[in-house]
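Worksheet for the structure shown next.
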Amino acid sequence: MFSTTVRASDGEFYAFTQLLIKIIDVNDELPEFLLNPLQLIINENQPAKTLIGHLLIIDRDSPKVNGQVHCEEPSHLIRNQPILFVQESLYLNEQTLLQKEFHHHHHHNNYSTIFSTLSSSSSSLSYSNTETHVYQRFTLYSQNKYDRENLTDKYLAILYCWDGIPNSFSNSPLSAEYDNKHVSMNSISTSNSLTATMTIVLHILDENDNEPIFDKQLYKATLKENSPINTKIIQVSNCLMLILYYLVIHLLTYFHTYLLTYFNTNLLTYLLPHLLTYLLQHLLTYLLTYFNTDLFTYLFTYLLTYLFTYLLPHLLTYFHTYLLTYFHTYLLTYLLQHLLTYLLPHLLTYLLQH
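Each residue of the sequence shown is one higher than the one before, starting from 1 at the first, in UniProt numbering.
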């Protein structure tokens, strides 16, 4: 709201009046993300639900309609992202928020610095300092306990935010478009609503939680007298892995030859489905333990039934017949060797470390 005084005169007489100019808000400002700290980090092996930061969403438009901010996780990722979003709504002006953050300085929040930067960069907007803005604030926690060595050191989480009248992202016209393609820090304007997407990266910091491993307790080496400095005495390596690798390869070759000689070759076709059944049953048990939903149980049970009743027996029969017809029967041994070449070293490394 602006006001100015207007003076009119006809020479001898004059009069004054006050002219009030009201600025009608247009939804031309995107929701903005203020992440504190700017880079989210957590040490590995920390328990789930560890506090990792805060996220504040603001909108510079009028809070009556256009400045109202709503946020949601993608529908297929709700509560399944590496970051747990706990929402708190704030209806504060800038000055109140700065005072609150000042009194909570021991939490090392940096919203004061961020708002100072935003205010100086947007002085041309000329909005009142006492105008109330609508904020969305999220406290961020780790969803799980993370091991940097076994998985990855970076995890991504996505949050959608939009302003204006719509009260549900999943019911808005934007939902279908977001499901069809990923949008990162871009805006879409439709139905008088502006939308922004934030992709947050959670960095897992390394801890010294793995001790060195030697393949034996005692090493013996010889060194001639008067040898120069930096003479190589012995090379310590994990020889056990190499020995086990060749041992397993030879055992598998012998086992495969034994099957082909004394049993029907279709025995492999019989063993593979049972092995897969056992593995998938344990996988299903794990998934049901940590993702217990009736819909998931139904779909997975239906998939397993179809796989083992119809699809897998036909595929294995065809594959086995094809190998025996067009390739040497020892191709399975060749495939197993190359498979173990890749998997066995990683498996042995894991076993030796644990």
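Think of the CB as a built atom: it goes at the ideal place given N, C-alpha and C, for glycine as much as any other residue. Given the structure is predicted, the values throughout are model-derived calculations rather than measurements.
Work out the CA separation of H76 and E207 for me, nearest whole Å. 32 Å
Host beta strand (DSSP E) of K64 (start-end): Looking at the DSSP string, K64 is not in any beta strand (DSSP E), and its letter there is neither H nor E.
Should E207 be flagged as near chain C, meaning a C-beta pair shorter than 8 Å? In the displayed structure, chain C is absent; only one protein chain is listed.
Where the beta strand (DSSP E) through L218 begins and ends: No beta strand (DSSP E) contains L218, which DSSP labels as neither H nor E.
Do you know offhand how far F16's Cα is from S9's? Distance between the alpha carbons of F16 and S9 is about 9 Å.
In chain order, what residues of the same chain have a beta carbon less than 6 Å from the beta carbon of I158, not counting five sequence neighbours either side? P74, T199
Is it true that the CB of E44 sits closer than 8 Å to the CB of D163? no
Could you give the distance in angstroms between the alpha-carbon of P37 and the alpha-carbon of H203? 12 Å
Below 6 Å CB to CB, which residues in the same chain sit around F138 once its five sequence neighbours on both sides are set aside? Setting aside the 5 residues that flank it on each side, F138 is surrounded in the same chain by L55, F85, Q87, each with a C-beta closer than 6 Å to its C-beta; the list follows chain order.
Quick check on V201: buried or exposed, where buried means 16 or more other Cβ atoms within 10 Å of its Cβ? exposed
Spatial neighbours of Q136 in its chain, beta-carbon cut-off 6 Å, leaving aside the 5 residues before and after: I57, V69, C71
Taking the C-alpha atoms as reference points, what is the distance between Q217 and I234? 15 Å
The ligand MG heavy atom lying under 7 Å from the CB of S3: Of ligands this structure carries none, so the ligand MG is not represented either.
Using only CA atoms, which one of N27, I23, N210 lies nearest to V65? Closest option to V65, judged by alpha-carbon separation, among N27, I23, N210: N27.
Under DSSP, the beta strand (DSSP E) around E44 begins and ends at which residues? No beta strand (DSSP E) holds E44; DSSP gives it neither H nor E.
Which residues mark the beginning and the end of the beta strand (DSSP E) in which F13 is found? No beta strand (DSSP E) holds F13; DSSP gives it neither H nor E.
Whole-angstrom distance between E32 and Y14, CA atom to CA atom: 50 Å
Taking a contact to mean a Cβ-Cβ separation below 8 Å, would you say G53 touches L151 in this structure? No, the Cβ-Cβ distance between G53 and L151 is not below 8 Å.
Whose C-beta lies closer than 6 Å to the C-beta of I41 among residues of the same chain, with five residues either side of it excluded? H203, L205
Helix, strand or coil at L223 according to DSSP, with G and I counted as helix: coil
In the DSSP output, which residue or residues are listed as bridge partners for G53? L140
N230 to K224 span [Cα, whole Å]: Roughly 13 Å separates the two Cα atoms.
Neighbourhood of A48 by C-beta, 7 Å cutoff - its chain only, sequence neighbours within 5 removed: S142, Q143, N144, K145
Thinking Y155 and P63 are a contact (beta carbons under 8 Å), I'd like their distance in whole angstroms, please. That pair is no contact at about 34 Å.
Quick check: what's the CA-CA separation for T5 versus G67? 31 Å
Buried versus exposed, by CB contacts within 10 Å (16 or more), A196: buried
Could you please give me the residues that DSSP links to H70 through a beta bridge? W162
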